[in-house]
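Going by full-length UniProt numbering, the first residue of the sequence shown is number 1, and it counts up by one from there. Structure first, then comments.
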Amino acid sequence: MSTFMFKSKAQDYTPVSNVFIDNYMTKARGDFVKVYILGLKYCTSGELGVSSSIMASTLHLLETDVLNAWNYWNDEGVIKMIPIDNMGNFSIQFSDLTEHAVESSENVNLLQELNKNTTKDMLQDIEKLVGRPLSTKEMSLYIGWQKEYNFPLELILLLIQYCVSKGKTDYRYIEKIAIAWYDSKIKTIEEAQSFIKRHEDKWIKIKKILNYLGIKDGEVMKPQEDMLDKWINIYKFPLDVIFRACDICFERINKAEFKYIDGILGSWYKDGLTNLEDIAKKDVKTTQIKRTTNYKPNTNSTFNNFEQRTYNFDELEKKLLGWENSSDD
């Protein structure tokens, strides 16, 4: 259960801004509008706070519906929802919508854009994809990509469809993908599909490597992701070579250490080793060199301290053959 604390002076009526009615109410779910108006009533009547269970009971909603409504209005900028503690309690501050309306008009003229059938159709298709009504901020964001990023409507729909297929419907995540596409100079459906394929192929390989290491992909931080990307796209090592580096890492330090594996792969890349056969040959050669350089004779042994004698081998041969006396005859 959450508690929502309000900051305002007590009044005998509930003032609902015309800006809210014109720009926000008509596009929001009815349940969200009820939560906003009831919250505004509590705020202006001097209530210090109210629990989500009381609001849900009063409006005949679920507590999750109440929380979703506040999150929606927070995303819209209609309120500021600030966490008070780790127990799910929030401070709710209602925004001055007159100022907010001026800021919005400087970016996208939403009412003008919504008069266009193509734009309306796009937004309706997006709502079907994400499975919920779009906030005013989301509408302005997606419409703005047409001018800001030069994205055609079909490309925007493909982008959102791609995000939804990954289970991501939050506009902040979708915006990050849009920025990535823009930075990659994607302008057409074909370019987007090619980008998606490369990205998906990379992540399929990354997941296999993490699987091999016994690590969940959700546990990987950005520096580790960058290393994985380097092994796959810069070094262009096949998976069996990366797995071999992982094996060596486990053999030597008995744990998965990204920097250690990166050092092994970086050394192989520097030496031009691209497959397991080359690596095996390099290992054999290195072992032979080590054996040769590690052999050192013991200079303190009895054999080395023995004083060597010199022999006249011609004389010895004559003695052995019995020629020594025959030459005197």
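All C-beta atoms in this analysis are idealised placements derived from N, C-alpha and C, irrespective of residue type, glycine included.
Per DSSP, the bridge partner or partners of residue i
| i | result |
| --- | --- |
| F94 | I79 |
| S51 | T3 |
Closest Cα partner of residue i within the set the options
| i | options | result |
| --- | --- | --- |
| S2 | S52, I21 and Y42 | S52 |
| V130 | I174, D85, F94 and T118 | I174 |
| E127 | Y269, L153 and T169 | T169 |
| V241 | K216, Y212 and D226 | Y212 |
| N68 | Q93, Q124 and Y36 | Y36 |
| R172 | L265, I234, E138 and Q161 | E138 |
| T26 | M221, L134 and L153 | L134 |
| K259 | F237, E47, W231 and D283 | W231 |
| S140 | I160, I234, Q224 and E113 | E113 |
Residues near residue i in its chain [Cβ-Cβ closer than 6 Å; skip 5 each side]
| i | result |
| --- | --- |
| F151 | W145 |
| S104 | Confidence at S104 is low in this model, with a pLDDT of 46, below 50, so its placement is unreliable and the value that follows should be read with caution. Result list for S104: empty, nothing under 6 Å. |
| residue 404 | Nothing in the structure corresponds to residue 404, since the chain is present only between 1 and 329. |
| L40 | T14 |
Sequence-distant residues of the same chain with beta carbon closer than 7 Å to residue i, five excluded per side
| i | result |
| --- | --- |
| Y24 | E76, V78 and T136 |
| D329 | Residue placement at D329 is poorly supported in this model, since its pLDDT is 47, which falls under 50; the coordinates still yield a value, given next. For D329, where only same-chain residues beyond five positions count, there are no Cβ hits under 7 Å. |
| N117 | none |
Residue i, buried or exposed, once every other Cβ within 10 Å from all chains shown has been counted against 16
| i | result |
| --- | --- |
| K205 | buried |
| R252 | exposed |
| D262 | buried |
| M87 | exposed |
| L276 | exposed |
| D97 | According to the sequence provided, residue 97 is Leu. The question's Asp does not apply to it. L97 comes out buried. |
| T188 | exposed |
For residue i, the first and last residue of its enclosing alpha helix (DSSP H)
| i | result |
| --- | --- |
| V266 | Looking at the sequence provided, one finds Gly at residue 266 rather than Val. Start and end: F258 to K270. |
| K197 | I189 to L213 |
Cutoff 8 Å; reference residue i; Cβ partners in own chain excluding five residues on either side
| i | result |
| --- | --- |
| R195 | A quick correction: the sequence has Phe, not Arg, at residue 195. Contacts found: W181, S184 and I186. |
| A256 | L213, G214, I215, C246, C249 and F250 |
| A56 | L62, E63, D65 and V66 |
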